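Each residue of the sequence shown is one higher than the one before, counting from 1061 in my numbering. From the three backbone atoms N, C-alpha and C, an ideal C-beta is built for every residue, glycine too. The structure presented is a predicted model; accordingly, all values stated were derived computationally and were not measured. Scroll down for the structure; my scribbles are underneath it.
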Amino acid sequence: MQQQKRQPELVEGNLPVFVFPTELIFYADDQSTHKQVLTLYNPYEFALKFKVLCTTPNKYAVVDAAGAVKPQYCVDIVIRHRDVRPCHYGVIDKFRLQVSEQSQRKALGRKEVIATLLPTAKEQQQKEEEEKRIKEHLKESVFFDQTLCQPENRIASSGPSLLTVFLGIICIAALMLPTLGEEDSVVPVYLHLSVNQKLVAAYVLGMLLFDFRELWHWRAPQGSSRLTLLSWD
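Spelled out as structure tokens, the structure:
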């Protein structure tokens, strides 16, 4: 009699959660940014159920704040900012995505996504440029200090490594290739990628972009720590 294959027991809170993007920025003067999409990926061999929580649920509306993701599929979660006022400019809110197995209540994993409302995109760009200049100035100071102290071991670092750039280009190229099953394509069949391969490429590219952004940009967390389940109303 053939024994049924048993799935290994998963530890609560240790399951990696794949969400992109990991930061949402809303601009008050651009209504197209008031609605944004979070993509939750499920690369596992079992289905997941999820729910979305937030520190300030009165400021946001979420379509399908709870649901399920089939194995090796993804779902889009639409988030709308519904309280665009100057008093909320610069305040950092937090979303938390919790996932669990269909038949279990315990959360197997969780991922936090920060959300910020800014007055204009131009203001954000100017702020990033100013922070970039400050960081470059600090790097130059550190470099000159190292030069004076260790003239024979000068090491200057600026920007992402060539490996990071090359990996990013590979991921972008992978996302641009046709998906398996597409017939009307001039690209050879052996270059067609599966949905899972494209999901992996999208996740890696998202991590690279986030790391690159963190190189130039930092923020201090603000707001309440209490999390509340969001619902569409």
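Asn1102 counts as buried, since at least 16 other C-beta atoms from the protein chains shown sit within 10 angstroms of its C-beta.
Judged by DSSP in its simplified three-state form, Gly1266 adopts helix. Taken in chain order, the complete beta strand (DSSP E) segments of 3 residues or longer contained in the segment 1117-1166 are 1120-1122, 1126-1129, 1133-1141, 1152-1161. Rounded to the nearest whole angstrom, the CA to CA distance from Gly1127 to Tyr1133 is 13 Å. Taking Pro1146 as reference, the option from Ser1254, Leu1237, Ala1088, Ala1234 with the minimal CA-CA separation is Ala1088. Residue environment analysis places Phe1078 among the buried positions, since at least 16 neighbouring C-beta atoms fall within 10 angstroms of its C-beta. Val1144 is positioned such that its CB atom lies no closer than 8 Å to that of Leu1178. In the displayed model, Phe1226 falls within a helix according to three-state DSSP. In this structure, His1252 lies near Glu1242, with their beta-carbon atoms less than 8 Å apart.
A check of alpha carbon separations from Lys1154 across Lys1119, Gln1257, Val1260 identifies Lys1119 as the nearest. In the same chain as Glu1172, and ignoring 5 residues on each side of it, the C-beta atoms closer than 6 Å to its own belong to Lys1154, Arg1156, in chain order. Taking a C-beta distance under 8 Å as the contact criterion, Asp1136 and Thr1099 qualify as a contact pair. Here the alpha carbons of Gly1169 and Gln1162 stand approximately 13 Å from one another. Taking the Cα positions, Arg1140 is about 36 Å away from Glu1196. Between Leu1108 and the set Ile1085, Phe1086, Thr1093, Pro1076, the nearest pair of CA atoms involves Pro1076. In this structure, Val1097 sits near Val1138, with a CB-CB distance shorter than 8 Å. When beta bridges are read from the DSSP output, Asn1074 appears opposite no residue.
Taken through DSSP and simplified to helix, strand or coil, Ala1175 comes out as strand. Around the beta carbon of Leu1198, a 10 Å sphere encloses fewer than 16 other beta carbons of the protein chains shown; the residue is thus reported as exposed. According to DSSP, Thr1239 shares a beta bridge with Leu1253. Taking C-beta separations shorter than 8 Å and ignoring five residues to either side along the sequence, the partners of Tyr1149 in its chain run Ala1088, Leu1177, Leu1178, Pro1179, following chain order. Exclusion of the five residues before and after Ser1245 leaves Pro1238 as the residues of its chain whose Cβ lies within less than 7 Å of its Cβ. The straight-line gap separating the alpha-carbon atoms of Arg1142 and Gln1091 is approximately 11 Å.
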